[in-house]
Structure formats: C-alpha cells, structure tokens
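2 protein chains.
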Amino acid sequence: MTFDPAGIAALDARDPLRGFRDEFQLREGLIYLDGNSLGARPRATAARIAAAVTEEWGEGLIKSWLDAGWSTAPLRIGDKIASLIGARPGEVIAADSTSVNIFKALAAAISLRPDRTVILSESTNFPTDVYMMQGIEAFSGGRIKAVRADPEAVLDRLDADVAVLLLTQVHYKSGLVRDMAEVTRRAQQAGALVVWDLSHSAGAMEVDLNGARADFAVGCGYKYLNGGPGAPAFLFVAERNQAAMPVLSGWFGHASPFAFEEDYRPAGGISRFQCGTPPVLGLAALECGIDLLLRADIREMREKSLRLSQLFIERMELRCAEFGFEPVFPADPKLRGSQVAYAHPHGYEIVQALKERDVIGDFRAPDILRFGLAPLYLRHADIVDAVERLHEVCLSRAWDKPEYRLRAAVT
Amino acid sequence: MTFDPAGIAALDARDPLRGFRDEFQLREGLIYLDGNSLGARPRATAARIAAAVTEEWGEGLIKSWLDAGWSTAPLRIGDKIASLIGARPGEVIAADSTSVNIFKALAAAISLRPDRTVILSESTNFPTDVYMMQGIEAFSGGRIKAVRADPEAVLDRLDADVAVLLLTQVHYKSGLVRDMAEVTRRAQQAGALVVWDLSHSAGAMEVDLNGARADFAVGCGYKYLNGGPGAPAFLFVAERNQAAMPVLSGWFGHASPFAFEEDYRPAGGISRFQCGTPPVLGLAALECGIDLLLRADIREMREKSLRLSQLFIERMELRCAEFGFEPVFPADPKLRGSQVAYAHPHGYEIVQALKERDVIGDFRAPDILRFGLAPLYLRHADIVDAVERLHEVCLSRAWDKPEYRLRAAVT
Chain R
1 MTFDPAGIAA
11 LDARDPLRGF
21 RDEFQLREGL
31 IYLDGNSLGA
41 RPRATAARIA
51 AAVTEEWGEG
61 LIKSWLDAGW
71 STAPLRIGDK
81 IASLIGARPG
91 EVIAADSTSV
101 NIFKALAAAI
111 SLRPDRTVIL
121 SESTNFPTDV
131 YMMQGIEAFS
141 GGRIKAVRAD
151 PEAVLDRLDA
161 DVAVLLLTQV
171 HYKSGLVRDM
181 AEVTRRAQQA
191 GALVVWDLSH
201 SAGAMEVDLN
211 GARADFAVGC
221 GYKYLNGGPG
231 APAFLFVAER
241 NQAAMPVLSG
251 WFGHASPFAF
261 EEDYRPAGGI
271 SRFQCGTPPV
281 LGLAALECGI
291 DLLLRADIRE
301 MREKSLRLSQ
311 LFIERMELRC
321 AEFGFEPVFP
331 ADPKLRGSQV
341 AYAHPHGYEI
351 VQALKERDVI
361 GDFRAPDILR
371 FGLAPLYLRH
381 ADIVDAVERL
391 HEVCLSRAWD
401 KPEYRLRAAV
411 T
Chain Y
1001 MTFDPAGIAA
1011 LDARDPLRGF
1021 RDEFQLREGL
1031 IYLDGNSLGA
1041 RPRATAARIA
1051 AAVTEEWGEG
1061 LIKSWLDAGW
1071 STAPLRIGDK
1081 IASLIGARPG
1091 EVIAADSTSV
1101 NIFKALAAAI
1111 SLRPDRTVIL
1121 SESTNFPTDV
1131 YMMQGIEAFS
1141 GGRIKAVRAD
1151 PEAVLDRLDA
1161 DVAVLLLTQV
1171 HYKSGLVRDM
1181 AEVTRRAQQA
1191 GALVVWDLSH
1201 SAGAMEVDLN
1211 GARADFAVGC
1221 GYKYLNGGPG
1231 APAFLFVAER
1241 NQAAMPVLSG
1251 WFGHASPFAF
1261 EEDYRPAGGI
1271 SRFQCGTPPV
1281 LGLAALECGI
1291 DLLLRADIRE
1301 MREKSLRLSQ
1311 LFIERMELRC
1321 AEFGFEPVFP
1331 ADPKLRGSQV
1341 AYAHPHGYEI
1351 VQALKERDVI
1361 GDFRAPDILR
1371 FGLAPLYLRH
1381 ADIVDAVERL
1391 HEVCLSRAWD
1401 KPEYRLRAAV
1411 T
C-alpha cells in the first residue's frame, strides 16, 4: 500500500464512500476508532428525533401509533435491517436489547429441540451471550445446560444433546470472522440449531443469513448501524422457525394486541417475537442510522474496511514495532472483521493517553487495545494520523504517568 | 359539586396544580383523556433529548457513558421513581419494557419459592401480564402453571402451590383500586410472593410499596410518568428479595460488566435486574417526565383526580343518562383509579366521533369507553366540555355513520 502523504490523499480522494463522513457529526481533529462500541451520530438523527418528540408525540399524541407508523416500526425497520444481512422481509424485527433477543432466540430454539438439553457456545464469546445462556440454565432447574468449549474445539463438541449453538460472527476482541455457512452446516448436520450474534458484523460487512441457511440471529443497533446509545437491537428468525413459541410472550407479539384477549395467541410470522410496547424514540434514531447505511454499497464498505485495517497494521509495524504490541487479529485479511486489536501490558493507560491526543479507541480487559474501523466515516489519513499519535504516546511512555495508573485500578 | 360555569372556573382558579398544564405541549381546544395510555409531552423533553442527541451522543460519543451519566441512568431514574411509589433508593431500576420486567419479577419470585409451581393472577388482568405468565408456563415444560381466577375469587385460590400472585393495583378497564396491603398480607400468609403491576397507579396516586410490604412491582413509563411513547419501564424488587437469581442475566446486571468475565456474577442490589445496554434516549425522555412529576404533590394529584372523576360521573348522569352508558367503575370513589369507564354497545364509534370533536378518549374491546384523567394537565372545565361534546355525539347518533362502522370492523 502507498504510505506517502500523497498516496494516502489519493486513496481518500478516490474513496467511493468519501461523501458519507459529512453525514455524521464528527469534530475535525478527532479520530474516532470506537464505532464498533458506539457508532457516530448521523446528522439527520437530530431533526428526526425532534419531529418524533414534538410533532408525533407532542402534537399527534396517541394517534401517532397509527398515523406516524409507530406500531409498525419494529417490522418496518426490521425489513430494512433484513436487506443488510441477507434476510427476507418478515424475518427480522427491531426490538428490545441484544441480550433480551439472545434469550428469545435461545428459548425458541430450545422449544424446537425439546429432546435436547445443551446450549453450546465458545468460552470467549461476548460475555452477555454466555451470561444469557447461564440464566436459562439456572431457570430451567438443571434441565438445560449452558456449555462452553474452547473456540477451536466448539464444533467438535456438537453431539446429540446440543439443542442450539450460539456464536458470534465477528469476535468482539480478535475480530475473527467465523465461516457462517460452514459452521451452520456442521451444527445442523448434528441436529442443532444455530443462533448467530451479528453485533460486530451487521452494517460493517456482507452478511448472508439465508445463504448460510442460518436459523436465528441477533445484533446490536448502536454499533455499525449508528442507531444511538442503547438503541433497540434486532432479531432474525428464519421463516421455517417462526412457528416456535416465543417465551417472552408479551402483548405486542399477540395476533391481535388490541382485542385484549384473555389468552396468548401468537401473531403469525416474525411479529410474535415482539414482546412489550416498542421503544418509539429509540427506534426513530435507529431508523436514521439504517437509512443512511442503506445508501452505501456494503461491498465497498467491506473493501474499504479491509484497506483501513491493512493500513493500520502496516503502519503499526513501521512505527510501533519496538513497543511490545502483540497482534490479536487473524493473519488472513479475509478473516478480519472491521477492527484491529493488540494486546499490551499497558493497554489501559495507552488508550487513556490516546484520548488526550483526540484518538478514541477502546480498552477491553485484561490487556486489549481495540480499534474499530467504521468505513462510512473514517478516512485513510485518519489511520495514519492515529498510528502517529500512538507512536507519540509510546515514545513518551505515557503508561508511567500516575494518573492513568490510578484510573486503571478503578475501571 | 358546583356545576355552574362560575363554580367550575373557581375550581380551576384555586387548583394548586394549575401551573403544571403549561409545562406540557397541549393544543388549546384539545381535551386529552388518554394520558393513561400515552402521557402528554412535557415541554422540557425536547431540549433534553436534543442535548442527548447532539451533545452527549454526537459530541461526547463513547465518553458519555461516564461523563453524561448514561451508565447510571437506570439506577438514578429508578431512585426517582422509588420516591413516587413508596420504595427506598436502590429498590427500583428503569429498564426494558413492562412485559420484560414482569418476566423478570415472576422468574425471580419463582426462584425464591422453588417448591411451588403456580403463578396466579386474575382472569381480567391486563393481557400482557397474563401472556407473560403463559410464556413461562410453556417454557417450563409444564413444571410451572399459569392459573387465572375470577377477580373476586383470586385470593381464595391462594394455596400451598402458589409461588407468586400477579395483580394490577388499578385495573386497566374498571379503574378498580386493589387494597395492596391487605392483598399482600393474605398472599404472604399463604406463603406466596406478590408482583404488583403499577402501570395505572404510579404517578397518578399515592403508592406505598414498602408500607404494604410488597415483594416485587413493575410499571409503565409512558402513562402517568409522561416518559414518551414506548418509554423504558421500571422494576421494583424489595431489598429482602434482591438475592434472587435474575433469569435475564445480561451483562449490565453483572457485578463488573466491563471486566468481561467469562461467568455471570450478579451485581449486588437492584443492579442485577438490569439486562442489556440501557436505552439512553428513552431514559432521557423518561427522566424529564419524572422530574416534572416530582415537583407536584402526589396527594394533591390524587385529590384532584378524584374531583375530576366525580365531576365526570355527575355530568354524565346529568347530560347522558338516556343514552345507555353503563358505568364500569367502582361506586366507592376511594376505590377509583385516575379514570372513568363506561360500557356502551357503540363504544368504538363514539370514541371515533369524539376524536372529531377534539376529545381523545380510549376504546378497549369489546365495548368499553375509557377516559383517563391525568391531574397534572387537565382542568375541571375540560371535563365539563368533554361531557358536553359526548352529549352532542349521542344526540347526533354518530354511531349510525357508516365510516365509523367500517373502521370498527378492522380494529
């Protein structure tokens, strides 16, 4: 890759996604490498939320459930998300948190495999995925077991007891991309269903759920979908699995919520996987983020993201090789998500020192520096600058500063 | 009560809550009797949400989790709600939907009564309460039974099998107020725990959870708390029950969410009943509604609400007696929530015709007209006007209009 300033400028000048940065509120000078934790704010969101608050809620009041499309928002936004992840209309809803949707997906999968007793995952999966499994185990009184295997050995653990395999497509620390089609095939061959967590892939790279014949999937609204802090999450249920009993059987999943029937009667299709009243303001912000994303070409996003990560890695080798950063990302670029990560004994202090230099990265305990590379709003020049500032931090041995140590002890 | 115009004007003039109406966005002329379905919009919410979107999210980005108090919002707002419902700080969180919180409360209660097998409720409870019970029954594979009894007989059904009794303090149709202390005492005497649904009482009347020695409670953020459409709900867990295992054991309920530990280790106190990432924008709107409510005297609100319902009832007797409205509210004013309801064979059509006359009420299938009387923003004169417009609707026999019939068929 071309590293001279002119070459970097040329890469940015011919970037087909270069127009998108201006659609986000991002202060000049700031290099935001944390879009995989909280996506940046689309400019359009402010006016959309203001309209939802003052016109739809304030003026329209209760009538807006129909007139402003509030009641159909979970399905409407779900359909938009479907187009980003290789799902069909009617297979995705936007609702609840990722954690709650993991529960719904696991519980539905278990109901489809009543003779099996194991939820299987990998030991280093994102914590909330594992925690939700453990909650189900506790609630089942021992009937269901939450089992974790080593990441490399998880497919070998598939046996006739496994009802459902829960895996994340792009690992939150290493960024390793799992082969969704192959893993799904092997799990289904063993008679299990698969729940994919797309939190670190949806909106950053091509995802093809139906191409992989996936059963269930969940994902996060506030990372690459740029839906805002704590945005509603999403749930995919393949059409063939939609007859499953939703355990969180709330009134918005009823066939006729406003008939106020005494018995639960699940809605057809994906609707039954709604539970309570939809979070209208959060959904409005989420929809802005997704509408923006839908204007971009996801293949171009993936190509740019891989360019950005390759550039980051090569710059690190050139500028920071002597400072003890240990790569925590796959050697093969095709297996890398939209991020790079390094282990470093002073990871926490370095992330703090970078913040003071206007580079926002992420620290993940115990020692991981994680840099998210959202292709919609980052420039190639930002990557070069970020590594330069990291180089400065290392030269100044910022980790010796007592104030960073103190904060590390309480985080 | 004084019904002449001067008397009504005098009631409004000396209303200690009269200043609150201007704090809400309410068009002059509109009579909004649906605050028990969706509370009106506090004016302060627009600026607060705009700041959350552009300053906290847009400018502060990921740092706002600490700097803008996002991560502590569920507990901070929970403590504010606690002061409205007779709970202590640390006993309430604002999180998820009412339905999801019902699940959490029921699951926690069941875990505290492992030898019992029944969740008991009344047959006419709000549908989502019953539906959530039924989801637990289905998921338990028959170990747990969701049992409903007639409203009058529900306490007689308490036996050694009942793990938990789920009741709503103010009935969503009739507005009947349950005696929380007495019901709780009887349930606990039978060895059961009680989950109270406060959706139609919190923020409208005095609620004294600890005075009644309540075990668990849930409630809605978008009715009398004026938190906005689909606002986050709340969950109360009495301190003595907080060691219960939260089944929805997501990462925000972990003792150390950002340590990314492999095993779930529940946080102490109410925090463990959080699940996924908090819905920041929804919480910001909710907090505005609650902050406004906290400036009012809840006893004055209750007194005014009872004055409004008495006025409504007396005006109905005077003006609409011959039109076949059947009262569906308790004869004893003390047992009335902040609403009045009538059954009428043309209930649906009448509610539609009232809308055209700028009176927003609510229809609840099969034949109930429900009028919510939010004391913060309604005036006594509004009640008189509303009944006058209802009188006009009846005189014109609006239910004969074909357009209302047509819409009734599809709702």
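Residue numbers (the working numbering), protein chains in the order written: chain R, 1 to 411; chain Y, 1001 to 1411. C-beta: ideal position from N, C-alpha, C; glycine also.
- Among the residues of the region 1358-1384 of chain Y, those with a Cβ less than 8 Å away from any Cβ of chain R are Ile1360, Asp1362, Arg1364 and Ala1365, in the order of the chain.
- With a threshold of 8 Å between beta carbons, R:Gln25 makes contact with chain Y.
- Counted as a single uninterrupted DSSP element, the alpha helix (DSSP H) harbouring R:Phe139 occupies residues Pro127 to Phe139.
- For R:Cys320, same chain residues with a beta-carbon under 8 Å away, outside a window of 5 residues either side, are Val387, Leu390, His391 and Cys394 in chain order.
- In the structure shown, Y:His1254 adopts extended strand secondary structure according to DSSP, grouped into three states.
- Annotation: the continuous alpha helix (DSSP H) that includes Y:Gly1282 extends over Val1280 to Leu1294.
- The beta-carbon separation of Y:Val1247 and R:Val100, rounded to 11 Å, does not stay under the 8 Å limit for a contact.
- The beta-bridge partner set that DSSP reports for R:Trp196 consists of R:Leu167 and R:Ala217.
- With contacts defined by Cβ atoms closer than 8 Å, R:Val351 and R:Gly361 form a contacting pair.
- Note on R:Gly268: under 16 other CB atoms within 10 angstroms of its CB, so exposed under the neighbour-count rule.
- Cβ-Cβ distances below 7 Å link Y:Pro1232 to Ala1094, Ala1095, Asp1096, Gly1221, Pro1279, Gly1282, Leu1283 and Leu1286 in the same chain, with the five nearest sequence neighbours on each side left out; the list follows chain order.
- Secondary-structure assignment with DSSP links Y:Gln1339 through a beta bridge to Y:Gly1372.
- R:Asp161 sits in coil when the DSSP states are folded into three classes, being neither helix nor strand.
- Straight-line spacing of the CA atoms in R:Val183 and R:Asp367 works out to 29 Å.
- Here the C-alpha atom of R:Lys401 lies approximately 34 Å from the C-alpha atom of R:Tyr224.
- Among the CB atoms of chain R, one or more fall inside 8 Å of the CB of Y:Gly1058.
- If you ignore the 5 residues before and after R:Leu112, its C-beta comes within less than 7 Å of the C-beta of Leu193, Asn241 and Ala244, all in its own chain and listed in chain order.
- Residue-level contact check: Y:Ala1107 touches chain R, since one or more beta carbons of chain R fall below 8 Å from its beta carbon.
- Proximity of the region 169-179 of chain R to the region 128-145 of chain R falls short of the contact definition, fewer than three beta-carbon pairs being nearer than 8 Å.
- Contact of R:His254 with chain Y is assigned, a C-beta pair being separated by under 8 Å.
- At a cut-off of 8 Å between C-beta atoms, R:Trp196 does not count as an interface residue with respect to chain Y.
- Residue contact check for Y:Val1280 against chain R: a CB pair falls below 8 Å.
- Cβ-Cβ distances below 6 Å link R:Ala190 to Leu158 in the same chain, with the five nearest sequence neighbours on each side left out; the list follows chain order.
- When the beta-carbon positions are compared, Y:Val1328 and Y:Ser1174 come within less than 8 Å of each other.
- Sequence-distant partners of Y:Arg1048 (beyond 5 residues in either direction) whose C-beta falls short of 8 Å from its own C-beta, in its chain, are Ala1284, Ala1285, Glu1287 and Cys1288.
- Minimum Cα-Cα distance from R:Asp15 among the listed residues R:Leu308, R:Thr54, R:Leu369 and R:His254 corresponds to R:Leu308.
- For R:Ile62, a Cβ of chain Y is located within less than 8 Å of the residue's own Cβ.
- C-alpha of R:Tyr377 to C-alpha of R:Phe20: approximately 6 Å in a straight line.
- In this structure, R:Ala381 is the residue among R:Ala398, R:Tyr404, R:Ala381 and R:Ser396 with its C-alpha nearest to the C-alpha of R:Pro5.
- The contact set of Y:Met1316 on chain R, defined by CB atoms closer than 9 Å, is empty, because the minimum CB distance reaches about 22 Å.
- Annotation for R:Ile119: the continuous beta strand (DSSP E) segment containing it runs Val118 to Glu122.
- Distances from the CA of Y:Phe1273 to each of Y:Ala1343, Y:Val1218 and Y:Trp1070 were compared; the closest alpha carbon is that of Y:Val1218.
- A distance below 7 Å between beta-carbons, with the five flanking residues on each side excluded, links R:Pro42 to the following residues of its chain, in chain order: Glu23, Phe24, Asn226, Cys288, Gly289 and Leu292.
- Taking 8 Å as the CB threshold, Y:Asp1115 stays off the interface with chain R.
- Counting along the chain, R:Asp362 sits inside the beta strand (DSSP E) bounded by residues Asp362 to Arg364.
- For R:Arg148, there is no enclosing alpha helix (DSSP H); the residue is found in the beta strand (DSSP E) stretching over Lys145 to Ala149.
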